[in-house]
Each structure stands twice: as C-alpha cells, then as structure tokens.
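K.L.:
When you line the sequence shown up against numbering that gives the first Met the number 0, it's residues 0 to 1204, in that order. Ideal placement from N, C-alpha and C gives every residue a C-beta, glycine not left out.
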Amino acid sequence: MQQGFSQDDQWTVISQYFKENGLVSQQLQSYDKFIENLVDIVTQEGKFTIKVENQYKNFSDDYHDSEEKYYDFECVEFGHATTQSLRYARHNDENITPMKARIRDLTYQRPYFFKLKQTLYTYDSKKNKQILDSITYKYNIELCSIPVMVRSKYCSLSHMDKLERIEDGECEFDQGGYFIVRGSEKVIVAQERMAFNFIYLFKGKTLEKPWHVEIRSTQEGGKGNQKKFELMLVKKQEFGYVIMAKFEPVKTEIPLFTLMRALGVPSDREILQRIFYDLKDPESQEILRDTIELLKPSVRQGQYILSRNDCLFWIGNKVKTMDNNPEMSREACILRAKWVLQNYLLPHIGVEEGQAYIKSYFIGYMCQRLLDAQLGKSGEDDRDHYGKKRVDMAGSLLAQLFREKFRKVIKGASLRIRRDINNSKFDRQDGDKQKKKLQSYFDSDSLSRQMANALATGNWGVNAQGEIAKFGVSQVLKRDTSLFATMSHLRRLNAPIKASTKIAKPRQLHNTHFGMICPAETPEGAKIGIVKNLSLMAHVSLGLDEYENRQVYDILKDSCRMQVFDHDINNSEIPRKTKVFFNGNWIGFTEQPHGFVQACIQSRREFMEGESIPLEVSIVRDIVNKEIKIYSDQGRCNRPLFIVDQETNQLKITQQDLYDINEEGKKVLKSFSQLVHEGFIEFLDVEEEEGAFVAVDINHIENKAMKYTHLEIHPAMILGVCASVIPFGHHNQGPRNTLQSAMGKQAMSLNSTNFTIRLDTLFHILYYPQFPLASSKSLEFIAAKDLPIGSNGVVGIACFTGYNQEDSILFNQSSLDRGFMRSMFYRTYKTEENNDPRNLDSKEVIQEVDIRSTSIFDNSDFGKLDKDGIINPETVVKGDIVLVGKVIQFTQDENDGGKIIKNKDVSLKSRRTEFGNVDTVMVSTNQQDQKFVKIRIRSKRIPQIGDKFASRHGQKGTVGMTFRQEDLPFNIEGVIPDIIINPHCIPSRMTIGHMIEQLNSKVASLTGIEGDATPFSGISLHDIARKLHEMGYQKHGNEVLYSPFNGIRLDNQIFFGPTFYQRLRHLVDDKMYSRHRGPVESLTRQPTHGRSHHGGLRFGEMERDCIISHGTSRFLKERTFEVSDIFRVHVCSQCGLFAKADLERQEFSCKGCESDPEKKKKNYKIVQIFLPYASKLLIQELMSMHIIPRIQVEVHKNNRNRKYI
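1. Please say whether GLY1007 and ASN999 have beta carbons closer to each other than 8 angstroms?
2. Assess, as a yes-or-no matter, whether the region 961-981 is touched by the region 798-810 under the definition of 3 or more beta carbon pairs within less than 8 angstroms.
3. So, is LEU206 buried or exposed, given that buried needs 16 or more other C-beta atoms within 10 angstroms?
4. My output table needs one value for LEU529: the three-state DSSP class, helix, strand or coil.
5. Once the 5 residues before and after ASP313 are set aside, which same chain residues still bring their CB inside 7 angstroms of it?
6. Counting along the chain, where does the alpha helix (DSSP H) carrying CYS599 start and finish?
7. For ALA1003 and SER1016, what's the separation of their Cα atoms in angstroms?
8. If you compare alpha carbons, which of TYR546, TYR385, SER841, GLY678 is closest to HIS512?
9. Are three or more beta carbon pairs between the region 257-275 and the region 391-407 nearer than 8 angstroms?
10. Under the rule that 16 or more other beta-carbon atoms within 10 Å means buried, what is PHE4, buried or exposed?
11. Can you look up ASP557 in the DSSP assignment and give me helix, strand or coil?
12. Please classify VAL1248: is it buried, with 16 or more other beta-carbons within 10 angstroms of its beta-carbon, or exposed?
13. Who are the near neighbours of ARG299 in its chain, counting only those whose CB is closer than 8 angstroms to its CB and skipping five residues on each side?
14. Would you mind sorting ILE1125 into buried or exposed? The rule is 16 or more other CB atoms within 10 Å of its CB.
15. Measuring alpha carbon to alpha carbon, tell me which residue in GLY1135, ARG1084, LYS1139, ILE1190 is nearest ALA1173.
16. Taking PRO296 as part of the alpha helix (DSSP H), name the residues at either end of that continuous run.
17. Quick one: what's got a C-beta closer than 7 angstroms to ALA741's C-beta in the same chain, skipping five residues either side?
18. Taking only three categories from DSSP, how would you classify GLU207?
19. Give me, in chain order, the residues of the same chain whose beta-carbon lies closer than 7 angstroms to that of VAL1128; leave out the 5 immediate sequence neighbours on both sides.
20. Using the rule of at least 16 other Cβ atoms within 10 Å of the residue's Cβ for burial, across every protein chain shown, is CYS1105 buried or exposed?
21. Between the Cα of LYS222 and the Cα atoms of VAL932, GLU44, GLU52, which residue gives the shortest distance?
22. With contact counted as at least three CB pairs below 8 angstroms, one residue from each stretch, are the region 733-751 and the region 788-803 in contact?
23. For ASP60, count the other beta carbons within 10 Å of its own beta carbon; 16 or more makes it buried, fewer makes it exposed. Which is it?
24. For the alpha helix (DSSP H) holding LEU535, just list the boundary residues, first then last.
25. Ends of the alpha helix (DSSP H) at PHE401?
26. Go through its chain and collect everything with a Cβ distance to SER84's Cβ below 6 angstroms, but skip five positions before and after it.
27. Around the Cβ of VAL623, are there at least 16 other Cβ atoms within 10 angstroms (buried) or fewer (exposed)?
28. If you drop the 5 nearest sequence neighbours on each side, which residues of the same chain put their C-beta closer than 8 angstroms to that of MET1030?
29. Count the CB pairs spanning the region 540-549 and the region 243-256 that are closer than 8 angstroms, and state whether there are at least three.
30. Please report the residue range of the alpha helix (DSSP H) in which LEU998 lies.
31. Buried or exposed: where does LEU1066 fall if 16 or more other Cβ atoms within 10 Å of its Cβ makes it buried?
32. Leaving out five residues on either side along the sequence, give the residues of the same chain with a beta carbon under 7 angstroms from the beta carbon of LEU967.
33. Going by C-alpha to C-alpha distance, which of ILE899, TRP585, ILE527 sits closest to ASN196?
34. Could you have a look at ASN323 and say whether DSSP puts it in helix, strand or coil?
35. Rounded to the nearest angstrom, what separates ARG86 and GLN927 at their Cα positions?
36. Scan the region 750-797 and note each continuous beta strand (DSSP E) run of 3 residues or more that stays entirely inside, going in chain order.
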C-alpha cells in the first residue's frame, strides 16, 4: 500500500472511468468526430468548375475570342436537422426514436444539407485576368440522410436522462454504439490496418531483392488515398546491388541517384550527404567506408543521367497516363514529373512547392535504414508489433465511405450541370426553380441509399479495380442471449486477413497486446487470432485535426525548444543531434533529447486548453537510433496508467486526491478526467509504453531498487468483456479461458430490460438469473451484474450412476420443477405487403384467405386466423400453421373483354418444428408506407436430457440424466446437489479456478458476504480455506454424503458446494430431428437437406464404412439406393445408350440403332436396369458436354430370344 492508496481506491478510480466512458465510448466518440468533420469533407471535395464551350456562349457585339466563361460551384456551408426533428420519411412529420425505428423497420437517420455557392465569371486568357465581376448565388441543397449512432451526440436520446430513456422504451443498461438500418441493429466492427507514414523494413523473398524499406504515406487528415513508396536493394548484372525506388504512378523502378537529382540534389557528394550527413566525421570513417562501398554500384548507375531536367524528363516518360497520346514534349514531360513528385511522392511531408528539399533528406534517411540492414546492423521490423497497427473505428470507416460516395455524387452532378449548360438548359437566375434544378443534379437519395446499404450488407467501399474493398465491416448486433454478449460485440476488432490463410504468426498473442487486446477472447477455428476484442480500459485515439497539429508543432518549437528542419541545416551537425518526427514527418532536431522529452511529457500532464500538448499525443524516444517520435494520429490503442513520481519513487496520487470539496462542504469523488487533467493518470499508447517501466502490483513500488515510471490501474483490466466474467481466471489453463469467452456469449440471460416490447428475430430469456456468489469486481462495469448470465447451483463433483460420463451432467429434477435454469424462447415472424407501384396487374394483400376462391398449393391450416387474416395473441401454435393470411391478387383479361381477379396464397406460416403461444402481434407500416405484420411466438424451455450447460471455466457438458431429489446423495445437513459433474473433467483441463470458485462460493453462502474472485487481486486460497474451516467445514471443501438408496454414507468424501452455472442456447428441442419420408430435391430426387426443410439424415462415408465393416451389404444397398433415389431406365444392349420405352404399349426401341442399317441387322435387345437418379442425371449432363458414357449390359442366354428384357 502506497501512502494510504489501496486496491479499493484503485477500484474507485476504475468505477469513475466507466461512469464517464462506459464500454462503447470509442464508438460514440469516433462517430461524433466523423459528423463534426463532415463539413471539412464536403468543402474539400465539393468544388468543381465548368467552362462554357465556345459554341454555347451567348455572342454579343463586344465579344472577344480570348474571353472564356466559367461556372464555379463550391459547397461553402454544411448543417443538419435538429436532434428533435429526426424523420423516417422525407414527407412525413412524425419524429422517430430508436425504438420506433426497431419496431417499424425504419432507418434511424438524420438529413444533412449544404449551401451551394454558384458563381459565373468571365476570364480573359490573353490578359490573364478576370474581366467581369462575378455573379454569385447560394442555394440550400439536401445532401443525404446519414444513419445516426444510438446514444451519440446526434441521437434523440442524448438529451434524455435515465428515466426518460426508459419511458421512451429503451433499456436502462443499453450504452448504444450501433445503428438501426431498416429495423435491424447494426454494429461497425473496428478494422485493424498498418499505420500510415510509418517506415517498415522487411526482408525480401529472393537473393535478387534481399531487403526493401517502404512507407504508406497519406496527407494530413486523410485527404487523399495512401501512396506507397518503396526503396529496395536489387541485383543488376552490370552493376551489382543497386538501390531502386518505386512508387505509383511511375511504371518502372527509378534509380536512387536519378530520383535524388530530380528532387534538386545535383551532385553525388550532396546525395551522399543526404544519406550520411557528415562525410568527414573521423569517428565514423570506418563505418562510412563499408556503407559507401555498398553504394558504389548505385553511384555508377546514376552516371548516365546527370542534369535535373534530364532526370525529370526520364521520370515523366515513365509515368502511367490515361490518355491515348503518350507522345509529349520535353517541357510537358518535365512538368508532369514535377507534379507527380510533388503530389505522389511522400505526400505526408507536403504537397506544396518547396517540399522537395525535405523529401530528399527523408529518402536519404530511408536509404540509411536499408544499408544498415544489408550490413547486418539492424534486423527487419516486426509486422505484428501493435505499435505499428492502427484501428479504424466506426467514424473513421464512415468517413472513408462517405468521402468515396460523395466524390461520385459531385462527379455526377458536374457532368449533369455541364450537359445542361452546354445545351442552354441551365437557368442562371436565382429562385426556387433554379434551386429545384440544382437539387435534381445532386442525387441525395442515391447517396443516402448507398450509406444505408453499406451498413445493411457490410460491403465497405470499392478498390481501384472496382471490387468491394472490405466484407463484413458491418454486422447484425448480437441480441439473442444477453446484454453482456452485446457489449462484447461492440468492442470487437477484425484483422484484414482471410480466415483461410494458413499463417500462424499474425494470429498469435503478441507482447505488445498487453493491456490493449484481451488475451483470452478470440473465436476457435479459422478465425482464431483474426477476430479480437479490446481490453476493458483500452481506448482508441481520435486523432488531432490540422489546427490542433499546428498548435502541437508550435509548442514543440517554442516551449520545448525544438530546432526546426529548414534549408539552413548544417549536414555536419545532424549526426550529433536527435531527430524529431511528428506523425512520420521529419520536422526538426534537438541537442538535449532527455530534456526535450521531459518537457513534452510535462506539457502533456499540465493540462491547459490550447497551451499544452493534448492528452492523447504520445512521445516515444528511441535512444539507440537517436530519434524522438511524436504521434497524434487516429486509431492508436492506448490505456490509462497511474504516474509514479521519479524523484520520490512514490505514486503521485493519494487517497485524498480522489476527493473534492463541493459548495456544500461535502467530500465528492473527482471524475476520471479530473484526475487525468491534474496529472495523476496519463494515457500511454503501445510504443510509449515500451519506454515506460510499469509496476503491475501496487506493492511492487515499495521496492526502491526498481525505478518505476507508472503503475497499472489494476492488472485485471488487461482482460476483455467476456474474460472478465471468469472468477480466478489466472488459475486456469489458457485455452479454457478462451473457451469460456466464447461460451459466455451463448449463455442465456436478459438481452435487455425492454425485451417485452422488442421484436428481435429470436432470443432467449432466463427465468431466474442470479448474481454469482463469487465474482470479479469487473462484473459491475460489463452489464453482467445487473443482468446476470446464469444461476448458482449446489454442485457435487462425483461419479454417480454412470450417467455423467464424458462431460455428461446429472441434474436434480426437483430443482428443475422449481424453475431452476428454466428459460423462455421468443421467435418473431414477419410479412409485408410488398407492392411495386409500377406493377398494376398484381398486388399483395394481407387478409382472411377465402379457400374457395384462392389457389392453395399445400395443406395449409387457416383455422386459427381472425377476420383480419391475422392470428390472435395467446393462440397455441404447434407445427406449420398459418400465422398471417396473405394473397397475391392477379388481374386477368377474359375473352369477353372483362377482367377477373384471381388470388394466389402466399401466407406466412410458422416453422414445422415450432411450438408455443402467440405472444405479441404488431401491425404497422414501414419506410415505404407498406403494411406489415410481426408475430412473436413464445415457448417455454425446461431443461431436459441433451441440453447444454457450462461453468464459467470452460467446463461444458450436456444433461445425461435427471433424478428426483430423493434419488440423489445428500450431506449431513440434508443439502441435495442440483448438479453432479464427473471428477475426470478437472485434472486434464487444469481448471483450478473452478474449484477455488466452488470453495469461495461456499464461504460466501455461509457468511452472506459476496465472494471476491477478481483475477490478479492477490486473494489467497489458504485464506479462503481458513475461513471455511472456521465455519465448521472441511477446509478443502470435501463433505461426507449419504446414499439415497440405503442411507449409508459413501466411502469417499465428495467435493461439494455452490457454483455458478450457465445455460447455453444449444437446446435439444432445437436440434433433435428424425424423419421417415419427406420432400426430395427436384433436380436430383434425393432427400432435401436440413431440419428446417424436413430433410433426410445424411448417410455419409463414415456410416457407409461402418456398415461395410459389419458385412451387412444388403442393408447398405437398401439405405443408399432402394429407399433413396432408385430409378428405372431402359438401355440398348448394342450401343449402351438410353432407349425409348412406352410401357403402356410395351413398345421399346433404340433410335440410334434403328437408324443405322448395319446395327439394325444385329439382334440388339432393350434391357431394363435400375440405377440412382443422380447417376442418370450425371450421364445426361455428360452427354450434353459431348461426353457419351455407355452402359454395357450382358444379356443372359435364356433371354436372347426376347426383344425386351
């Protein structure tokens, strides 16, 4: 304990963090920033100029050939509708709330508008100036409707308190962070990517290209697409190993010295100074000699083109062009090369003129990295280092999508306006007519639809080839089991790796994941290590805008005394100074790196708005390479840590610092952000944390020999949402924690407190969820305490009756009868009148079906429908009965010229396996004002043999048998177990946490005090055992049990006590299936597949092998042939092809043999054979491909005189 600051105080700080941030703050803040930055995107991308072609100008007496008329269009302002005026349809005045959107299948979105500035001016090309005053008009144009993230600043719930949200139909524990698109809740899963503006050094795959160094460069604020620049060592026959540069849109590799000369570095000596700085430094002469020796081939290669213009002309000729005229003048080639080097080469350094000087130094720095690797001074970079990764949250992904779609809208609008201007259809005057015209040019409906479709399908963006760039970015929010599983889904990350990729390294847990990525929560199977989850207190940086970055630059220059990188820099001084990089851009130097870093950190801790470095900026010092890297970009994972005073080696924060005195003189807890602003806590990202010395436990700081810089808020915070549920998880084998992290999401609970009015597709509700007797303190923050995911049950670990072998579980039937682990299952059916207004010949109508006048194709049961054609609430449903009557009304012409209406039945029916009662019926209209009906079926699920259960330690199993309580063993107090599991499940799986939990829960049940099972909290097993012993029980949790059959005590003591168990969503009622006969596929005539289609049970290869091993070949033939798809065909014995057979007339012939005179002479026979229909289909398909299989038959001697056999 430090200065009275205890573990309880740590949890107080954690509680304040979650009060302020919740679990989905990274999603909400990212979306809010996206909306705030929309104005920048619109103003940057929404500019275009249209030149009026000569033949369309209005000629006048004073017209001159040199005069050119232009229309300038610019988006100058941007705004949105107010929070209270969210609409679900453009011409509807009804306000929309998230609950209305869910129930009525609407998109929860907000319309946005921009002000279009239209300017007409005349320009004189001879005088090179504008000769007439411009005429300017401004119009308000609707841009599009963008889906609103629930609980964001722009959501209608943002101004409501908790009670108002509950009155509005929301769940009190719902934290938002998702969208509602056409009634479906969608979450944008965060996407990992490699960091931009970051130099990566990698080994080549061949000896011809042993090393390459690359950077994916992008402009500040993500204005343009990323531009990749690469330097590589390439083996050339005539020179040896030379350094070549490569970047788009230059078609070929460029020699290093040619590129440097094109950037304005003329001599070889100056180019070498860009790489090595001081060529006369006596201390590094030996190193320089070896390095320059490596560069000699590159120097020789660069001797062929020496002048800058020649180098620019050479590069200009190699640039990829879209036009069909590659022949260009020398001056045009030089201009094009300059433009390419300015805009495509390292754009993060700058795209303004005069940046070539810094770009040449940056390329020299990259070249130095490459040469050091070749000489063995440095190794390749670790691709999986999390400091080199960035995480694109919802706002960042939406900004990318919106920018891409908005560019298309602007391009389309400019083309339409150009067409109308040149066709003299464009009205230059102000007024409503012109406003409507301009609105028609900007296809706002299309942009709204594309944004909503991306969220609905998860297909995100388009790459250069026109293909979908990313799949599965948006997913349906998990709502089928518990709110706890929903919270986990909102904190999920996805790596850009295909699940089928057989590479292990990117999937493995990395050291740099500590505190940022949960070490346990990842799916099993193909996506292991690809799908990850954020740790509980991991935060994702939002990034600074251009103005804030400029402020940071000024602080570094003025307050921290950084020497700015400019043209006056002396090359000989660079090796003695430390380089300063800001977001990958080399901006300056410092001669006192330690003092510079301390000044930066101090500025960040002394929070002053606009006068200090922002909190999320990270400062990283690389002592070996003499570099200081400062990052302020978005997508960096960071986390909060307590600051340790370097001078006193004590925590800066004390217990007194947690409280403030309010106006009434009472002590109140400070908010988490207050503690950060006061310099007690700071956020460190992965790279900065590598340079920190972090104490894991608060007691470690007392070790004076260790000079710690920071302390963990609490080590349990390294876990994610699902892994935090596991009590004593640090005592379990790792794979078991991973297994529980997956199963915890399948555990039944309450998916929300408003489930009675929600109409989700399907979900389970546990009748009596209980708070665990022993649990981690983290449960309070992850919705698992308010809405628990299971129940406590008395568990005995013993072999009993043999029905609990191989992970089977024995259950107390009397406990089940009392409601233990009972649940309710809800399924929602939906149908709508899907009518196309353009189709006047048919329409769908929800109504009572008249059996006499309606075409019905199956034996549908319409008996339970009401007069309106909809089933009534609380009606019993069993099997496939009709829930909603619906017909398609066709209008057909009659011979006498009249019209007749015919009805075809397309009613909504329940599933064949459905059973339960109609719980809710809702009739409403959707976004297209079409009537729809939702029916929710409720069914009770009592645990039975075959249902799946699990503890919180990955100990899963199915119910093997249920016994009445009088048939189960009992202890001396008469306590009978609810569950009995097999002891063999413990040793091999090493789930020691399971046993400690049972012990701790036993103490909790006896003392009435909630058991603390927080991981890494220093809770001792001996302390738990001692407390149990003091209560009068055996300290290891064993008890003497008595036989239920004769009352005699059992020979061995049984480990006995309460444990928290989860009921999983895998129920035998949803899986058990059999059939004797049923439908078949129309094409193959084999039984259909799947329980929902009343399909057959697959008799596969392994089943076939088993039957063969038993020697029952007749049974095998019966299963796979006679009762499957047996089919009779007639075959010609002469040619082996299918023959023509008329069984009624008993006429048989082979067309091929009948038409051939030679074959006709021969005595051919028509033979009847039986074969699988699938084989007959295969033969016919092969014949359609001009491959003719022939069936050879042998006619028995007794049948040779018969024409047909």
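P.N.:
Put simply:
1. The Cβ atoms of ASN999 and GLY1007 do not sit closer than 8 angstroms to each other.
2. Segments in contact, yes.
3. Under this definition LEU206 is an exposed residue.
4. Leu is not the amino acid found at residue 529; the sequence shown has Ile there. Correct three-state label for ILE529: coil.
5. One point to set straight first is that residue 313 is Trp, not Asp, in the sequence displayed. THR257, ILE304.
6. Boundaries of the alpha helix (DSSP H) around CYS599: 592-604.
7. In a straight line, the C-alpha of ALA1003 is about 17 angstroms away from that of SER1016.
8. It is TYR385 whose Cα lies nearest to the Cα of HIS512.
9. Taking 8 angstroms as the limit for Cβ pairs, the verdict is that the region 391-407 does not touch the region 257-275.
10. Buried, because 16 or more other Cβ atoms sit within 10 Å of the Cβ of PHE4.
11. Helix, per DSSP.
12. No information on residue 1248 is available, as it lies outside the stretch 0 to 1204 that the chain covers here.
13. Spatial neighbours of ARG299 in its own chain (CB-CB distance under 8 angstroms, excluding positions within 5 residues in sequence) are listed in chain order as PHE238.
14. A residue is called buried when at least 16 other Cβ atoms come within 10 angstroms of its Cβ; ILE1125 does not meet this threshold and is exposed.
15. Ranking the options by Cα distance to ALA1173, first place goes to ARG1084.
16. 284-300 is the extent of the alpha helix (DSSP H) around PRO296.
17. For ALA741, where only same-chain residues beyond five positions count, the Cβ hits under 7 angstroms are PRO522, GLU523.
18. Looking at GLU207 - three-state DSSP - the assignment turns out to be coil, as it is neither helix nor strand.
19. Hits under 7 angstroms: PHE1137, ILE1168, LEU1170, LYS1175.
20. CYS1105 is exposed by the Cβ-count criterion.
21. The residue with the shortest Cα to Cα distance from LYS222 is GLU44.
22. Yes, since at least three Cβ pairs between the region 733-751 and the region 788-803 fall closer than 8 angstroms, the two stretches touch.
23. Because ASP60 carries a pLDDT of 45, less than 50, the predicted location of this residue cannot be relied on, and the following value inherits that uncertainty. It is exposed - the Cβ of ASP60 has fewer than 16 other Cβ atoms within 10 Å.
24. Where LEU535 is concerned, there is no enclosing alpha helix (DSSP H), given that its DSSP letter is neither H nor E.
25. 393-421 is the extent of the alpha helix (DSSP H) around PHE401.
26. With a pLDDT of only 46 at SER84, under the threshold of 50, the placement of this residue in the model should not be trusted, and no figure is reported.
27. Taking a 10 Å sphere around the C-beta of VAL623, we find fewer than 16 other C-beta atoms and assign the residue as exposed.
28. Contacts found: VAL1002, LEU1005, THR1006.
29. The region 540-549 vs the region 243-256: no contact.
30. 991-1006 is the extent of the alpha helix (DSSP H) around LEU998.
31. With a 10 Å radius around the Cβ and a threshold of 16 neighbouring Cβ atoms, LEU1066 comes out buried.
32. The beta carbon of LEU967 sits closer than 7 angstroms to those of ASN811, ILE975, PRO976, PRO1043, all from its chain and outside the five residues before and after it, given in chain order.
33. Distances from the alpha-carbon of ASN196 to those of ILE899, TRP585, ILE527 put TRP585 closest.
34. Its pLDDT being 49, under 50, ASN323 is placed unreliably by the model, and the measurement read from it follows with that caveat. ASN323 sits in coil when the DSSP states are folded into three classes, being neither helix nor strand.
35. Residue placement at ARG86 is poorly supported in this model, since its pLDDT is 48, which falls under 50; the coordinates are not used for a value here.
36. Assignment of beta strand (DSSP E) within the region 750-797, counting only whole runs of 3 or more residues, yields 761-765, 790-796 in chain order.
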